[in-house]
Amino acid sequence: MDTRQAQSMTAILRDEHADLPEPANDVPAWGPYITAHFNPRKGVELFYAEIHVPQAGAQRYIYWSLMNPNYGKNPSYAGIQMSLVPGNDVYGNNICSIWDSDDLPEDTLPEATLISGRPGIYWDHFGNEGTGLHTSNQNAWKPGERYAMVIRRWTRKGDDKYTYTSMFMYSFTAKTWTHWMSARIAGRALMLEGNPAGFVERYGGNAQHYYGHFGNYFIMVEGGEWQSPHKYTVGAGKAPWRASLVNGHSGQDVKVQVGQTPERDQEITLRPAQQNRPTTITPPIIESFTVTYHVRAQTIEWAWTIKDSSPPPIRTLLSISRDEVYGQDVYLHEINGPSGRKAITNDLLLRENDYKGTYRYFARIEYFDIFEQKSNNGYVQVVFDYA
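Structure follows, in structure tokens:
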């Protein structure tokens, strides 16, 4: 997706509040944008980027877009904003939106549908310059703190009509992950396409100087393999802007700013020092796990907790075996996507075995996180009475 296309859309979608001051025409005609360049050899499953907006760079009505993956013919974008609500309450919100493609009949729309989101999420289906799904969450970030943003595509077992995608953020200050939204997109096994690209845009107001530190762009391809960019390019359409390397969390960031002496060239190339994969990749840990069998309802209730700093799940496996913890499974249930921490399933598979009497089973849980890491195993002994 052309970065300039994304910016023209944000003039319409900047947030759910329509009464914004018109921007003055003393900023770049487009950009400044930043693009991380990769040469993936496999299908891309995940986009990753980090952002730090110092207090001095955070102004009202500024949008720091971080990434814009294409899902086949469906463009998208995601980033953070400083917005203003009635009553002059300034807050930092995030955005994740997905366009419909241009070549499908209108009776198939919308192609992108919200399936889950953080409590309080704002969402709608936009129109005007194209159509699509727009989402926004208030109080998602604070100036002066560092965040990672992840877009992760995934599939649902047995579903050959749709591809799913989720947006997450990690707070380096709180050391916690947050799942902000998940959507369903028409199309089977769509991968993330294009080079991750972002921009800094003033969509309202009259701020003259604003900036952000962009850093540690990565992609994860099929099989959990990480790739780092071989270069970054930054550019803008006229007006004052500048890009430079600054110290970051683990290497160097690219400072992209408006309101400084213009760069000599319309586009420049930078090669910041960075590691081979994100530092936010830590072991996924299940902290607690309980299972309750409801005899009358013939259901199994599962509940678990995950360490706050652990990467979120993208696939969770619930299983039951007899006699031994890691014996032969007689029951298996798979949850796809960044699930909650509770599930209720029926005991049909167990009853199909035509067991009679009281049996001791071992229930287990494990999950694969957004980075394709396997968690520890949690297990508990459960008594099922079929007398």
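Read in my numbering, the sequence shown has 317 at position 314, and its numbers run on one by one without any break.
Every residue, glycine too, gets a C-beta built ideally from N, C-alpha and C.
Source: prediction; values computed, not measured.
Asked: Residues near residue 350 by beta carbon distance below 6 Å, same chain, minus five either side; Found: 301 and 303
Asked: Helix, strand or coil at residue 58 [DSSP, three-state]; Found: helix
Asked: CA nearest to the CA of residue 187, picked from 103, 328, 314 and 65; Found: 103
Asked: For residue 316, three-class secondary structure by DSSP; Found: strand
Asked: Supposed contact pair residue 134 and residue 113 - C-beta distance, whole angstroms, cut 8 Å; Found: 7 Å
Asked: Among 50, 234 and 59, nearest to residue 155 - alpha-carbon criterion; Found: 50
Asked: Close beta carbons around residue 220, own chain, < 6 Å, minus the five adjacent residues each side; Found: 39, 52, 199 and 232
Asked: Best match in 166, 181, 69 and 149 for proximity to residue 122 [C-alpha to C-alpha]; Found: 181
Asked: Span of the beta strand (DSSP E) around residue 172; Found: 165 to 174
Asked: Stretch pair the region 260 to 271 + the region 283 to 292: three plus CB contacts closer than 8 Å; Found: no
Asked: Backbone CA spacing between residue 86 and residue 96 [nearest angstrom]; Found: 7 Å
Asked: Cross-strand partners of residue 73 (DSSP beta bridge); Found: 196
Asked: Neighbourhood of residue 174 by C-beta, 7 Å cutoff - its chain only, sequence neighbours within 5 removed; Found: 148 and 150
Asked: Test item: CB-CB of residue 309 and residue 289 under 8 Å; Found: yes
Asked: Whole-number beta carbon distance between residue 239 and residue 34, since they are thought to touch under 8 Å; Found: 3 Å
Asked: Residue range of the beta strand (DSSP E) that includes residue 247; Found: 244 to 250
Asked: Anticipated Cβ contact below 8 Å, residue 371 with residue 315, distance rounded; Found: Contact doesn't hold; Cβ gap of about 11 Å is too wide.
Asked: Residues bridged to residue 182 [DSSP beta-bridge criterion]; Found: 171
Asked: Strand pairing of residue 381, partner residues [DSSP]; Found: 368
Asked: For residue 361 and residue 81, the rounded distance between their alpha carbons; Found: 53 Å
Asked: Same chain, Cβ closer than 6 Å to residue 293, neighbours up to 5 away in sequence not counted; Found: 306
Asked: Spatially closest choice to residue 276 from 101, 311, 385 and 254, by CA coordinates; Found: 254
Asked: Backbone CA spacing between residue 224 and residue 196 [nearest angstrom]; Found: 11 Å
Asked: Cβ-Cβ distance between residue 342 and residue 333 below 8 Å; Found: no
Asked: Through-space distance from residue 374 to residue 202, alpha-carbon basis; Found: 25 Å
Asked: Local conformation of residue 65 per DSSP, three classes; Found: strand
Asked: Secondary structure of residue 264, DSSP reduced to three states; Found: coil
Asked: Distance between residue 60 and residue 212 (C-alpha atoms, nearest Å); Found: 7 Å
Asked: Buried or exposed by the 16-neighbour rule on C-beta atoms within 10 Å, applied to residue 177; Found: exposed
Asked: CB contact flag (residue 30, residue 280, <8 Å); Found: no
Asked: Same chain, Cβ closer than 6 Å to residue 366, five either side skipped, listed in chain order; Found: 294, 323, 383 and 385
Asked: Distance between beta carbons of residue 136 and residue 166, contact taken as under 8 Å; Found: Residue 166 to residue 136, Cβ: 14 Å. No contact.
Asked: Through-space distance from residue 79 to residue 99, alpha-carbon basis; Found: 7 Å
Asked: Neighbour-count burial assignment, residue 21, 16 or more Cβ in a 10 Å radius; Found: Here residue 21 scores only 46 on pLDDT, less than 50, and its place in the model should not be relied on; the value that follows carries that caveat. So residue 21 ends up on the exposed side.
Asked: Environment of residue 246 [buried if 16+ CB atoms lie within 10 Å]; Found: buried
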